[in-house]
Amino acid sequence: MKFSYNLLKKYTDIKLTPEKLAELLTLHSFECVVSEKADGLSAQSGDAILNIDILPNRTHDTLSHYGLAKEIAALTGKPVKKPDLKFFEDRTKRPGDFISVTVVEKQLCPRYIAKVITDVKISPAPKWLQDELVKFDINPHNNIVDILNYAMLETGQPMHVFDYEKLEGKKIIIRKAKRGEKINTLDGGQYDLDEIESANFEPGGIRKTDKNLGLNTDASIRFAAGIDPNLAELGLNRVCALIQEIIPGSKIIGGTIDIYPKKLKPRNIKLNLEYLDKLIGEKIKPEFTKRTLESLGIKISAKGAKIFLATVPTERLDLEAEEDLIEEVARFYGYENLIGKVPAAAMAVPEKNYANIAMNKARDILASAGFSETYNYSFVGGKNIDENGENQLVEIQNPANSDFKYLRPELNSGLLKNVKNNFRFAGEIKLFEIGNVFSSPAEPKENLRLAGVSAVKRDEETINGAKFFEMKGVLNALFENLGVVDCRYVSTTADKWWHPGRVARIEHGGGALGIIGEVSPAALASLGIVGRVAMFNIDFERLATIVNEEREFSQISKYPAVVRDISILVDKDIRMSEVLGVIHNSGAEFIEDINLFDYYEGKELSGNKKNLAFHIVFQAERTLTDEEIRREEEKIKNALIKKLSAEIR
Amino acid sequence: MAIENFEEKVNILEKESKEAIQEASDLARLENIRIKYLGRKGVLNELVKELPDIREGSRARFGHSINFAKDNLERLIDEKSQELKNEFIAEKLEKEKIDITMPGKIFALGHLHPLTKVERRIEDIFQSMGFEIVFGSEIESEYYNFDALNIPKNHPARDLQDTFWLRRGLLLRTHTSPMQARYMEKNNPPLRIIVPGRVFRHEATDASHEIQFHQVEGLMVGEDVSLANLKAVFEEFFKKFFSTRGKKIEVRFRPGYFPFVEPGMEIDIKIASSKWLEVVGAGMVHRKVFKSAGYAPGKQQGFAFGLGLERLAMLYYGINDIRLFYSSDFRFLKQF
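Chains as they are written, first to last, in numbering that gives the first Met the number 0: chain R, 0 to 648; chain G, 0 to 335.
See below:
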């Protein structure tokens with residue numbers, strides 16, 4: 000809220016410059032900056048405007064000049080000057096002769112006070128008052144409305160004025176609106192007889208109404224935050240004093256209608272000074288504590304050397320517990336002046352978060368394989384959503400917009416969108432993301448996943464499925480580095496996003512771990528991507544449980560390994576896994592490793608064949624003779640010929 | 000054979016071979032010369048065969064002179080060979096000279112997201128101070144997001160505008176603080192944790208506001224954990240966090256309000272001569288939060304804080320728009 004430096008000075012002596020005052024308030028109460036002079040205000044009026052971020056728990060007592068002046072007075076040790084509340088009353092009549100007030104909802108309206116004023120002549124307010132309001136971006140209206148607004152700026156009490164002539168049945172009833180009832184907000188008109196109310200409403204009721212009507216007035220903000228019922232009296236009296244000062248001839252009828260059934264009483268809080276020191280972490284002198292709390296209007300009586308009994312005035316609704324008082328002492332002492340103390344906690348090595356370690360390791364591996372990390376939105380919607388799948392998605396009840404209507408069910412479509420966008424600037428892009436995806440709308444669940452995408456603008460390929468195998472190689476490196484062994488790639492059918500001939504389910508220990516494949520040409524076309532795209536996604540929560548940091552060292556053999564090459568020609572449809580199976584089951588001994596080092600299929604090969612060439616590594620805990628190796632080699636060759644009709648080359 | 004003849008022959012052969020060596024232009028030619036003169040069937044060995052015909056008295060002398068000639072030739076050939084090798088290498092070096100200002104072969108490593116990098120920095124610092132990393136979940140209940148944190152039913156933070164609601168009273172967590180209550184329900188003090196994670200707010204987006212962002216929650220509870228401890232932890236944190244940036248950092252501690260702490264504090268930092276920016280909300284854990292976690296009253300005290308990851312990353316790298324973090328634009332990502 001905006002505060003006027005000059006108006007604040009009316010209620011307490013301020014020797015500080017606006018800048019110094021702003022600094023004092025920032026360090027001890029509320030963040031405050033002196034408004035830029037660009038608006039010309041300071042130059043014209045000799046005033047400075049302070050923008051102050053009143054904290055939500057202090058709205059009730061400091062969102063007004065008088066209220067904030069009290070805080071400043073406490074900080075500077077200067078006295079507070081009360082607003083002028085003096086006025087004469089016409090005691091020949093009583094307000095009850097004019098109106099009756101009934102509060103039906105005593106819960107919602109703890110206090111309602113009203114005065115009646117006659118002979119009110121409506122006219123524009125004097126210039127000084129209009130100028131004051133303009134400082135706060137309030138448009139001047141007429142003398143009575145302007146006075147009410149000004150009194151609210153001064154005291155923080157929202158008030159309302161009724162035109163007596165228009166008051167139906169001369170009755171005011173405070174009740175809940177009935178269903179279907181319409182509310183007209185008052186504005187303008189000539190009044191010559193007024194009734195002014197100053198009331199207090201229960202915060203919850205106000206807030207809910209605002210929310211439903213989309214109404215947020217200055218008054219409702221104040222009521223929503225809660226206000227001291229005793230402030231109503233101050234506000235009302237201040238208005239009467241201003242009316243008498245500004246509107247000549249107006250008569251204030253003696254007496255006040257005041258419906259205040261449950262009087263709010265000052266609160267008593269016991270403050271343990273040892274606890275205060277222990278919570279702040281510094282020895283605070285009891286005299287300082289006493290002086291500080293008393294400067295805030297709190298009455299202190301000592302009970303022994305360690306206990307203060309504090310009586311908190313009703314205007315400080317926020318002070319409810321011991322810690323609330325400790326905060327007052329601490330901030331007056333100044334967080335800046337507090338000496339930081341290194342915690343004296345027991346030395347303990349923190350427990351490791353293994354999921355986090357696995358996540359960071361996976362990130363590092365993928366980055367060294369050329370993949371860059373992205374963070375996409377957790378929301379999806381709009382055109383990206385498959386209409387048939389909509390009921391599978393977790394829906395946001397109040398989405399930011401239609402593109403963000405649901406929680407993302409998977410990471411890949413986000414990455415594909417990233418590919419499309421980046422293809423404007425790059426011919427090749429590799430990205431990955433680790434993040435939560437959401438499922439099961441009836442019982443929403445989240446699952447941490449890792450997904451990656453590798454895309455190139457070129458569609459032709461030199462090797463069939465080059466992108467697929469590149470991605471498979473990356474995943475193998477990832478699994479190996481994470482200590483995840485025995486992952487299997489199994490043929491699978493997948494949804495329309497995947498190339499049906501180039502997709503595999505990744506399995507571990509009999510359960511699915513993820514999926515890898517190329518994006519189908521149709522899907523790419525629908526996304527407007529030209530090129531080749533391979534992608535994967537992995538259930539990272541599951542992966543993290545099988546990650547193994549442990550390694551077992553095995554002796555490096557003292558005997559030489561022998562490598563023999565075997566090159567075969569087989570039917571194109573025979574799968575690599577079958578060939579390896581035949582070699583492993585050929586009965587040949589000493590096989591340490593089998594590596595495919597050449598692969599060829601092409602026109603030069605007759606009859607739908609392909610050529611495979613392997614390095615076969617033989618190793619034993621002794622030196623193998625040429626004769627022994629030749630024998631084992633023969634077993635392999637014979638098996639390949641017998642089982643796969645292979646031609647040995 | 001006459002003695003003079005023999006000596007003459009040796010002399011001529013020596014002279015002839017020396018010239019040949021001198022003129023040899025490559026290693027192959029030099030090798031031919033070696034074979035011709037020093038080989039098993041080379042001319043010098045042929046001469047040796049003639050030795051038995053020499054008179055007894057001179058044989059030894061001639062033998063010596065042949066050996067001497069052999070040694071001499073061998074040495075000359077070795078020298079020439081070394082010379083030719085040196086020449087060859089010098090030539091190769093000259094020929095293989097490259098323009099080292101040409102670009103390196105492209106070997107594209109990937110890049111970690113700046114938020115990941117900043118989160119790691121934060122985690123490292125707090126782990127070195129004994130804090131354990133724990134995770135919460137993004138889908139949260141109304142109870143843990145609000146009630147357990149002393150944010151009552153009518154608190155403005157509960158407004159529809161701030162929270163993304165799911166069905167059945169579930170919501171997307173608006174802060175990482177729910178883990179305070181969840182963790183304390185299951186663990187007894189003393190404890191030190193940080194909770195990094197994504198949070199969501201229903202807000203209008205601009206250069207400094209996003210509907211999703213990240214926080215790092217912190218919680219330290221013990222018998223006598225104090226506000227002064229909180230201050231020390233953050234003085235140390237900022238010193239370490241910005242230690243590599245070489246810029247002057249000022250830290251400011253001022254009062255703040257969060258329903259789940261009392262006293263409350265906000266921590267601002269200022270880099271060089273720019274404006275103060277709030278980066279941490281903190282305070283002493285509210286007694287009502289301890290109560291909802293099931294801790295006996297008055298037995299423990301502690302501090303809690305929430306640190307804005309994007310805000311810190313923006314300050315650290317000088318990024319001016321929060322929306323860049325979620326742009327997935329490689330021109331942005333490749334800078335980290």
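Note that CB positions come from ideal geometry on N, CA and C, so glycine has one too.
Beta-carbon proximity of residue i to residue j, cut-off 9 Å
i      : j      : result
R:G333 : G:L226 : no
R:A361 : R:F535 : no
R:N271 : R:K305 : yes
R:L481 : R:I364 : yes
R:F29  : R:I51  : yes
R:K92  : R:I252 : yes
R:S197 : R:A240 : no
R:I628 : R:I565 : no
R:T255 : R:A113 : yes
R:E432 : R:L406 : no
Cβ of residue i within 9 Å of any chain G Cβ
i      : result
R:D323 : yes
R:Q618 : no
R:H27  : yes
R:N375 : yes
R:S566 : no
R:N50  : no
R:A417 : With the sequence shown as reference, residue 417 of chain R is identified as Asn, and Ala is not the correct amino acid for it. Output row for R:N417: interface = yes.
R:Q554 : no
R:Q391 : no
R:E286 : no
R:P228 : no
R:K334 : Per the sequence shown, the amino acid found at residue 334 of chain R is Tyr instead of Lys. Answer yes: the Cβ-Cβ gap between R:Y334 and chain G drops below 9 Å somewhere.
CB contact below 9 Å: residue i versus chain R
i      : result
G:G129 : yes
G:P338 : Absent from the model: residue 338 of chain G. The displayed extent of chain G is 0 to 335, so no value can be given.
G:S136 : yes
G:A336 : With chain G represented from 0 up to 335, any question about residue 336 of chain G goes unanswered, as that position is not in the structure.
G:V47  : no
G:H340 : Residue 340 of chain G lies beyond the residue range present for chain G, which begins at 0 and ends at 335; the question has no answer from this structure.
G:R181 : no
G:S327 : yes
G:N228 : yes
G:L114 : yes
G:I34  : no
G:H110 : yes
Buried versus exposed, by CB contacts within 10 Å (16 or more), residue i
i      : result
R:A441 : exposed
R:V484 : exposed
R:R448 : buried
G:F163 : buried
R:P94  : buried
R:Y558 : exposed
G:K287 : buried
G:Q179 : buried
R:P497 : Residue identity check: residue 497 of chain R is Trp in the sequence provided, not Pro. Result: buried.
R:G434 : buried
G:H63  : exposed
Segment limits, beta strand (DSSP E) that includes residue i
i      : result
R:W496 : Note, R:W496: premise wrong, no beta strand (DSSP E); not H, not E.
G:P262 : V260 to I270
Boundaries (first-last residue) of the alpha helix (DSSP H) holding residue i
i      : result
R:F468 : A465 to N480
G:M183 : P177 to K185
Proximity test, Cβ basis, 9 Å: residue i and chain B
i      : result
G:A312 : Absent here is chain B; the protein component of the structure consists of chains R and G.
Would you call the region 309-327 of chain R in contact with the region 0-7 of chain R, where contact means no fewer than 3 C-beta pairs closer than 8 Å? No, they do not touch.
On the three-pair Cβ rule with 8 Å, is the region 454-468 of chain R touching the region 518-531 of chain R? yes
Could you tell me whether the region 601-616 of chain R touches the region 563-576 of chain R, using the rule of 3 or more Cβ pairs below 8 Å? yes
Please determine if the region 321-337 of chain R and the region 254-262 of chain G are in contact, where contact requires at least 3 C-beta pairs separated by less than 8 Å. yes
Cβ pair count under 8 Å reaching 3, the region 208-221 of chain G against the region 238-257 of chain G: Touching, no, given that fewer than three Cβ pairs across the two stretches are closer than 8 Å.
Could you say if the region 221-228 of chain R and the region 129-139 of chain R meet the contact criterion of at least three C-beta pairs nearer than 8 Å? no
Measuring CB atoms only, is the region 230-247 of chain G touching the region 189-198 of chain G, in the sense that at least three cross pairs come out at less than 8 Å? no
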